[in-house]
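These notes are about the structure you will find just below.
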Amino acid sequence: MTRRIGFIGQGEAGFAIAAGLAAQGATVSAFDLRFTDPEHGAALKEKVASAGIAVAGSTESLVSGCDIVVSAVVSSVAEKVAAATAPWLKNRHLFLDINSASPQIKLAAEKHVAATGAAYVDVAVMAAVPPHGHKVPLLASGPGASAFAEHMTPYGMAIEVLGPETGQASATKMFRSIIMKGLEAIVLECLLGAGSYGMEDRVLQSVQESIPEIDWQKFADRVTSRTAMHAERRAHEMEEVADTLRAVNLEPFMALASAHRIQEVADLGVQAQFQQNPPKSYSDVVKAILEARKS
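Counting from 17, one number per residue, gives the positions in the sequence shown under our numbering.
Dropping the structure here:
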């Protein structure tokens, strides 16, 4: 059976996945509150429509016209979106929550969805969505996880079902982030300190000699670029990680330290400098942050 897929949210991840599915012939629609923005809404709707995604006028019209609802918003409003969507959900619906939220938030969101008879799916996105698009590796758990994989794998989605319990997928992503974003924060702090002396290249060379299994220059380029472009979202995810650790009676020392280091980049407004021209190397990011700290 052809499944109609509706996306709530057309940020970077939501748009890339929706566009990829549309290119595979899926029937895809989307609604984003920014569609109603008098200054930027028209341009966003044009971008969405040009990718073969139908533009919905409201959450109600989106949900009524689809079988699979994908919540692709920021984690801070994930539960609120589930609650706001619930009045129009039916037992035919799958509700996919792909937000980088803690298991606690996902479980709270599931309660709103389950009360409607719809099946909730806790989805964890396990890599940067671009350039994978809809083929980005996904973990899925929850009551609707197996049905999600059955319906969407034929479109080329890479879905690993972990089990029927909500929280399994999100917990895996949260704990993985302690290492992934922790390394990001450590590399950034190292390079900022070394950059104050003009010695960041030499420091990385020394690290390369000690740990030759990793190409540290390429690694530094990648993680600092992600920080520069998405610091706010990544810092907030580490706060979600901290909440997840507290829930299992662990003090989130490393998670909070990573969140603070990454959040500073957001507070300095570095992302605005790279809106049109993303950083080409860690040197670009280090220079931008150090200059911002002086102003």
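Backbone N, C-alpha and C fix where the C-beta goes; we use that ideal spot for every residue, glycine too.
Alpha carbon to alpha carbon, how far is M17 from Q221? Only weak support exists for where M17 lies, its pLDDT of 48 falling under 50; the value from the coordinates is given anyway. So the two alpha carbons sit approximately 55 Å from each other.
Closest to A46 by CA distance: which of H56, S80, Q40 is it? Distances from the alpha-carbon of A46 to those of H56, S80, Q40 put S80 closest.
I'd like the span of the beta strand (DSSP E) that includes Y136, first residue to last. Looking at the DSSP string, the run of the beta strand (DSSP E) that includes Y136 is 135–141.
Let me make sure I understand the geometry here. Which of A88, I21, L178 has the alpha-carbon closest to that of A70? When A88, I21, L178 are compared, the shortest CA-CA separation from A70 is found for I21.
Please classify R108: does DSSP put it in a helix, a strand, or coil? DSSP places R108 in coil when its eight states are reduced to three.
Cutting at 7 Å between CB atoms, please list the residues of its own chain near F164, excluding the five before and the five after it. Excluding five sequence positions before and after F164, the CB atoms of its chain that fall closer than 7 Å to its own CB belong to L110, L112, V137, A156, I175, given in chain order.
Give a yes or no on contact between the region 221–234 and the region 260–270, applying the rule of three or more CB pairs nearer than 8 Å. Cβ pair count under 8 Å is below three, so no.
What residue does the beta strand (DSSP E) around F23 start on, and which one ends it? Run containing F23: 20–24, per the beta strand (DSSP E) assignment.
Rounded straight-line distance, which links the Cα of V239 to that of Q287: For Q287 and V239, the distance between alpha carbons rounds to 14 Å.
Assuming the contact rule is C-beta atoms closer than 8 Å, Y171 and Q40 should be a hit. Round their C-beta distance to whole Å, please. With a beta-carbon spacing of about 5 Å, Y171 and Q40 fall inside the 8 Å limit used to define contacts.
Would you check if the region 145–155 and the region 84–94 touch, i.e. whether three or more CB-CB distances between them fall below 8 Å? The region 84–94 makes no contact with the region 145–155; the number of CB pairs closer than 8 Å stays below 3.
Only counting runs of 3 or more residues, tell me where the beta strand (DSSP E) segments fall wholly within the region 207–274, in order along the chain. Counting whole runs of 3 or more residues, the region 207–274 contains no beta strand (DSSP E) stretch at all.
CA-to-CA distance, R309 to G73, given in whole angstroms: Looking at the two C-alpha atoms, the distance is approximately 43 Å.
Backbone secondary structure at S297 - three-state DSSP: S297: coil per DSSP, three-state reduction.
Suppose the cutoff is 8 Å on Cβ atoms and the five residues either side in sequence are ignored; what does the same chain contact list for R218 look like? Around R218: A210.
Proximity below 8 Å, CB of R19 to CB of H167: The answer is yes: Cβ separation under 8 Å.
Between the CA atoms of A263 and K127 - distance to the nearest angstrom: Distance between the alpha carbons of K127 and A263 is about 18 Å.
Flag this pair as yes or no: are the beta carbons of E248 and A282 separated by less than 8 Å? Against a cut-off of 8 Å, the Cβ pair of A282 and E248 comes out as a contact.
So, is D53 buried or exposed, given that buried needs 16 or more other C-beta atoms within 10 angstroms? Within a 10 Å sphere around the beta-carbon of D53 sit fewer than 16 other beta-carbons, which makes this residue exposed.
Rounded to the nearest angstrom, what separates E181 and Y213 at their Cα positions? In this structure, the CA atom of E181 is about 50 Å from the CA atom of Y213.
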